[in-house]
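Colleague: Protein sequences appear in the order of chains W and V. In terms of full-length UniProt numbering, the first sequence has 252 at position 252, counting the first letter as 1, and numbering is strictly consecutive. In terms of full-length UniProt numbering, the second sequence has 17 at position 17, counting the first letter as 1, and numbering is strictly consecutive. Glycine included, each C-beta is placed from N, C-alpha and C at the ideal position. Fair warning: this is a prediction, and the values are worked out from it, not measured in the lab.
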Amino acid sequence: MNAPATRRARSSSTAVRRPGDILFNGASLGSAVLILLILAGVAFFLVMEAVPALTAPAEEISGGEGFFAYVWPLVFGTVVASVIAMLLGTPVAIGIALFVSHYAPRRLGNGIGFVIDLLAAVPSVVFGMWGMAVFAPRLGPLYEWLSQNLGWIPIFGDASATGRTLMTASIVLAVMILPIITSVSREVFLQTPRLHEEAALALGATKWEMIRTAVLPFGMPGVIGGTMLGLGRALGETMAVAIILAPGVFSWNFIGAGNATIPAEIALNFPEAAGLRLSELIAAGLVLFVITLAVNLFARWIVDRRAEFSGAN
Amino acid sequence: MSKRIDVKDLDIYYGDFHAVKGVSMTIEPRSVTAFIGPSGCGKSTFLRTLNRMHEVIPGARVEGEVLIDGQNLYGKGVDPVDVRRQVGMVFQRPNPFPTMSIKENVLAGVRLNARRISSSAADELTERALRGANLWNEVKDRLDKPGSGLSGGQQQRLCIARAIAIQPEVILMDEPCSALDPISTLAIEDLINDLKSDYTVVIVTHNMQQAARVSDKTGFFNLKATGQPGQLVEFDTTQTIFNNPSQKATEDYISGRFG
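1. Beta strand (DSSP E) containing ASP79 (chain V): first to last residue?
2. What does DSSP give as the partner residues of ARG30 (chain V) in its beta bridges?
3. Closest to ALA225 (chain V) by C-alpha separation, out of V:TYR14, V:ARG4, V:ALA19 and V:TYR13, would be which residue?
4. Less than 7 Å separating the beta-carbons of VAL184 (chain W) and GLY226 (chain W)?
5. Identify, in the order they occur along the chain, each residue of the same chain with its Cβ nearer than 6 Å to the Cβ of PRO179 (chain W), setting aside the five sequence neighbours on each side.
6. Could you name the residues of the region 204-229 of chain W whose beta carbon sits closer than 8 Å to any beta carbon of chain V, in the order they occur along the chain?
7. Okay, do the region 187-199 of chain V and the region 29-37 of chain V touch, 3+ Cβ pairs below 8 Å being the bar?
8. Which residues, taken in chain order from the region 96-113 of chain W, show a beta carbon closer than 8 Å to some beta carbon of chain V?
9. Using a C-beta to C-beta distance shorter than 9 Å, which residues of chain W count as neighbours of ARG162 (chain V)?
10. Using a C-beta cutoff of 7 Å, does LEU190 (chain W) count as contacting chain V?
11. Could you name the residues of chain W that ALA108 (chain V) contacts, counting a contact when the two beta carbons are closer than 9 Å?
12. Please go through the same chain and pick out, in chain order, the residues whose beta-carbon is closer than 6 Å to the beta-carbon of MET167 (chain W), but skip the five residues on each side of it.
13. Mind checking if ASP141 (chain V) is an interface residue toward chain W, Cβ cutoff 7 Å exclusive?
14. For PHE270 (chain W), which residues in the same chain have their Cβ closer than 7 Å to its Cβ, ignoring the five residues on either side in sequence?
15. Alpha carbon to alpha carbon, how far is VAL87 (chain V) from PHE309 (chain W)? Give it in angstroms, no decimals.
16. For ARG189 (chain W), report the span of its alpha helix (DSSP H) as first-last.
17. Does ALA211 (chain V) come out as helix, strand or coil in the three-state DSSP assignment?
18. Please list the residues of the region 166-197 of chain V that have a C-beta atom closer than 7 Å to any C-beta atom in chain W, keeping them in chain order.
19. Within the same chain, show all residues whose beta-carbon is closer than 6 Å to that of ILE94 (chain W), passing over the 5 residues directly before and after it, in chain order.
20. What three-state label does DSSP hand VAL47 (chain W) in the structure shown?
21. Listing by chain order, which chain W residues have their CB less than 7 Å from the CB of VAL20 (chain V)?
22. If we count the other Cβ atoms within 10 Å of its Cβ and call it buried at 16 or more, is TYR70 (chain W) buried or exposed?
23. Can you give the Cα-Cα distance for ILE166 (chain V) and MET100 (chain V), rounded to whole angstroms?
24. If you reduce the DSSP assignment to three classes, tell me which class PRO4 (chain W) lands in.
25. Are at least three pairs of beta-carbons, each pair with one atom in the region 198-208 of chain W and one in the region 151-170 of chain V, less than 8 Å apart?
26. Nearest chain V C-beta to ASN313 (chain W) closer than 7 Å, yes or no?
27. Report the three-state DSSP secondary structure of GLU197 (chain W) (helix, strand or coil).
28. Please report whether the beta-carbon of ASN72 (chain V) lies at a distance below 7 Å from any beta-carbon of chain W.
29. When the Cα atoms are used, what is the spatial distance from LEU195 (chain W) to ASN95 (chain V)?
30. Indicate, with yes or no, if the ligand SAM has a heavy atom lying under 6 Å from the CB of HIS196 (chain W).
31. Quick one: which chain W residues come within Cβ less than 8 Å of PHE46 (chain V)?
32. Please check if any C-beta of chain W sits within less than 7 Å of the C-beta of ARG85 (chain V).
33. Between which two residues does the beta strand (DSSP E) holding ILE61 (chain W) run?
34. With DSSP collapsed to three states, give me the class of SER118 (chain V).
35. Per DSSP, THR237 (chain V) is paired with what?
36. Which residues mark the beginning and the end of the alpha helix (DSSP H) in which MET228 (chain W) is found?
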């Protein structure tokens, strides 16, 4: 009767390597390595192709004042449009997510959630055409009003008659990033432990106070994550911006003509570009890559800073 | 700071399901009242009607009256938010807010509704509530650390500190020790004994010895059959319930013949 004893001895000395485990282990390791290789490959390509533009004499670059002078207005336009989109989109997205998760009756909530997810499926070129043909002309009068009444703020300068401005692009971007922020936020809000919600209610919290004490702090890392996904989409959005924004030189006036973004600049010029011009555009792409990376690291840092209080411990 | 609770003919429903039927009892101030009974007999459900936490569940409703010092909790125009400020609650599993420090947890109830308190008053209240929950000496050096970093028993005492910081009249405890080890359980039971001098304490427990140790009065809940509403079978002094119950079902349950 020493069979159980030997079995135990064997399992404790050498773990059995089952084929399923080996296969799955290899497959997941392979996927992880693959994604790193792809990212490294993209970064390598960008750097190699960008080197000519980065090292070329200043007068050979478009604008004649070097690569930095060429790229910074584009960086400015990209970042401003994305940040405005994020500032406009996030509060609305959080509002919708809270309504769906905590206020609406279940059926209505599910319906709205479905519609929001559909919004995410609309191609960006459709948003672009809608923004240019329908939205921009209607914003014209608003810009006129802003220009006349708040003209002392630099960003509300002379209004564009067509409405095809950085502000219009930002608003359309806000609509485009709404679904992703909403669905991520809704998911984390729904995950709030019932115990924490009841803890707040039992202390005499009203519904809004319960949301403020239990739901929002619990969901904050997720909301930040969703916002960064949205910001990433806004930074990289090409088609909608290329269609809406009539590109121009740098201007503080966000409701008039002027400004451009990196993705739109690349998309509009890439087909005819060659030689150094091509390298310029790729270098601009490299800059965008670095910005996106920085945004994600920043978001990670914000989330990690409060990790101790996340409730995961 | 402690009040009498009168329950009159209380019926509790979840939608169409009749969960608890015809409960009447009087809970004396400055005493510990325990509810015992098998799972699903409605004792937790009943406890939650005493601070209107019951109605947080969709479809739940109540018929009958719960009077706290003569005021009906279910009267017209009574705001459940006000009720819950008077009747605090401690849950089955410790639930400190994970995003808050120990101190913020204690002050969470006080900070609600935009009530402002000075920082010296906040410090004082934190110390008083934590001392009241026998936790002060263990956490006084790490008030700014997260509450979720404490042990289970400490977390539960933190939840008790959070409940007493808003100075309720009554404290309800829904199986407060069921997730705790024996040492932590003992600490909570000692604390319940201390709380009795200031508050009316009502506790639901699965542990009959616990009911015998901590309570002055005990109510035994039972259901006749599955699907039937739970009922209050017997309500008397703990002494009587455990030594000389008048109902056969109570005696069977106490002596371990079922449940």
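Modeller: By the coordinates alone:
1. Residue 79 (chain V) sits at position 79 when you count from the first residue of the second sequence. No beta strand (DSSP E) holds ASP79 (chain V); DSSP gives it neither H nor E.
2. Reading the second sequence from its first residue, position 30 is the one you call residue 30 (chain V). None, per the DSSP bridge assignment.
3. As a working note, residue 225 (chain V) is residue 225 in the second sequence. Measuring from the Cα of ALA225 (chain V), the nearest candidate turns out to be V:ALA19.
4. As a working note, residue 184 (chain W) is residue 184 in the first sequence. As a working note, residue 226 (chain W) is residue 226 in the first sequence. The criterion of a C-beta distance shorter than 7 Å is satisfied by VAL184 (chain W) and GLY226 (chain W).
5. The sequence position of residue 179 (chain W) within the first sequence is 179, counting from 1. Excluding sequence neighbours, PRO179 (chain W) sits near ILE116, LEU119 and ALA120.
6. Taking a C-beta cut-off of 8 Å against chain V, the contacting residues of the region 204-229 of chain W are GLY204, ALA205, THR206, GLU209, THR213, ALA214, PRO217, PHE218 and MET220, listed in chain order.
7. Pairwise C-beta distances place the region 187-199 of chain V in contact with the region 29-37 of chain V, as three or more of them are shorter than 8 Å.
8. The residues in question: there are none.
9. Residue mapping note: residue 162 (chain V) aligns to position 162 of the second sequence, counting from 1. By Cβ distance, chain W contributes ALA199 and LEU203.
10. Residue mapping note: residue 190 (chain W) aligns to position 190 of the first sequence, counting from 1. Chain V, which has no Cβ nearer than 7 Å to the Cβ of LEU190 (chain W), makes this no.
11. The sequence position of residue 108 (chain V) within the second sequence is 108, counting from 1. Under the 9 Å cutoff, chain W gives ALA199, ALA200, LEU203, ALA205 and THR213.
12. Counting from 1 along the first sequence, the entry for residue 167 (chain W) is found at position 167. Excluding residues within five positions, the ones whose Cβ falls inside 6 Å are PHE254 and ILE255.
13. Within the second sequence, numbered from 1, the residue matching residue 141 (chain V) stands at position 141. It does not; no Cβ of chain W falls within 7 Å.
14. Taking the first residue of the first sequence as position 1, residue 270 (chain W) is located at position 270. Around PHE270 (chain W): LEU281.
15. Position 309 of the first sequence, counting from 1, holds the residue named residue 309 (chain W). Position 87 of the second sequence, counting from 1, holds the residue named residue 87 (chain V). Between the C-alpha atoms of PHE309 (chain W) and VAL87 (chain V) there is a straight-line separation of about 28 Å.
16. Against the first sequence, residue 189 (chain W) aligns to sequence position 189. Per the sequence shown, residue 189 (chain W) should be read as Phe rather than Arg. Per DSSP, the continuous alpha helix (DSSP H) segment holding PHE189 (chain W) begins and ends at 166-190.
17. Reading the second sequence from its first residue, position 211 is the one you call residue 211 (chain V). Helix, per DSSP.
18. Within the region 166-197 of chain V, those residues whose Cβ lies closer than 7 Å to any Cβ of chain W are, in chain order, ILE166.
19. Reading the first sequence from its first residue, position 94 is the one you call residue 94 (chain W). Here the set comprises SER185.
20. By 1-based counting over the first sequence, the position of residue 47 (chain W) is 47. If DSSP states are grouped into helix, strand and coil, VAL47 (chain W) belongs with the helices.
21. Locating residue 20 (chain V) in the second sequence gives position 20, where the first residue counts as 1. Simply none; closest approach about 19 Å.
22. Taking the first residue of the first sequence as position 1, residue 70 (chain W) is located at position 70. Flag for TYR70 (chain W) reads buried.
23. Taking the first residue of the second sequence as position 1, residue 166 (chain V) is located at position 166. Taking the first residue of the second sequence as position 1, residue 100 (chain V) is located at position 100. Within the model, the alpha-carbon separation for ILE166 (chain V) versus MET100 (chain V) is close to 17 Å.
24. For the purposes of this step, residue 4 (chain W) is taken as residue 4 along the first sequence, with counting starting at 1. Note that PRO4 (chain W) scores a pLDDT of 48, beneath 50, so its modelled location is shaky; the value from the coordinates is reported in the next line. Taken through DSSP and simplified to helix, strand or coil, PRO4 (chain W) comes out as helix.
25. At 8 Å Cβ cutoff, the stretches touch.
26. Here residue 313 (chain W) refers to the residue found at position 313 of the first sequence. Low per-residue confidence applies at ASN313 (chain W): pLDDT is 43, beneath 50, and the placement is therefore not dependable enough to give any value.
27. As a position in the first sequence, residue 197 (chain W) is number 197, starting the count at 1. GLU197 (chain W): helix per DSSP, three-state reduction.
28. Against the second sequence, residue 72 (chain V) aligns to sequence position 72. It does not: the Cβ of ASN72 (chain V) has no partner Cβ on chain W nearer than 7 Å.
29. Along the first sequence, one-based indexing puts residue 195 (chain W) at 195. Along the second sequence, one-based indexing puts residue 95 (chain V) at 95. As the crow flies, the alpha-carbon of LEU195 (chain W) is around 6 Å from that of ASN95 (chain V).
30. Ligands in the displayed structure: none, and consequently the ligand SAM is not present.
31. Counting from one through the second sequence, the residue named residue 46 (chain V) turns up at place 46. At a beta-carbon threshold of 8 Å, none of the residues of chain W lie near PHE46 (chain V); the nearest stands roughly 16 Å away.
32. Counting from one through the second sequence, the residue named residue 85 (chain V) turns up at place 85. So, interface residue.
33. The sequence position of residue 61 (chain W) within the first sequence is 61, counting from 1. No beta strand (DSSP E) contains ILE61 (chain W), which DSSP labels as neither H nor E.
34. Taking the first residue of the second sequence as position 1, residue 118 (chain V) is located at position 118. Note: SER118 (chain V) maps to coil in three-state DSSP.
35. In the second sequence, counting from the first residue as 1, residue 237 (chain V) sits at position 237. Bridge partners of THR237 (chain V): V:LYS217.
36. Numbered from its first residue, the first sequence carries residue 228 (chain W) at position 228. For MET228 (chain W), the enclosing alpha helix (DSSP H) covers residues 216-236.
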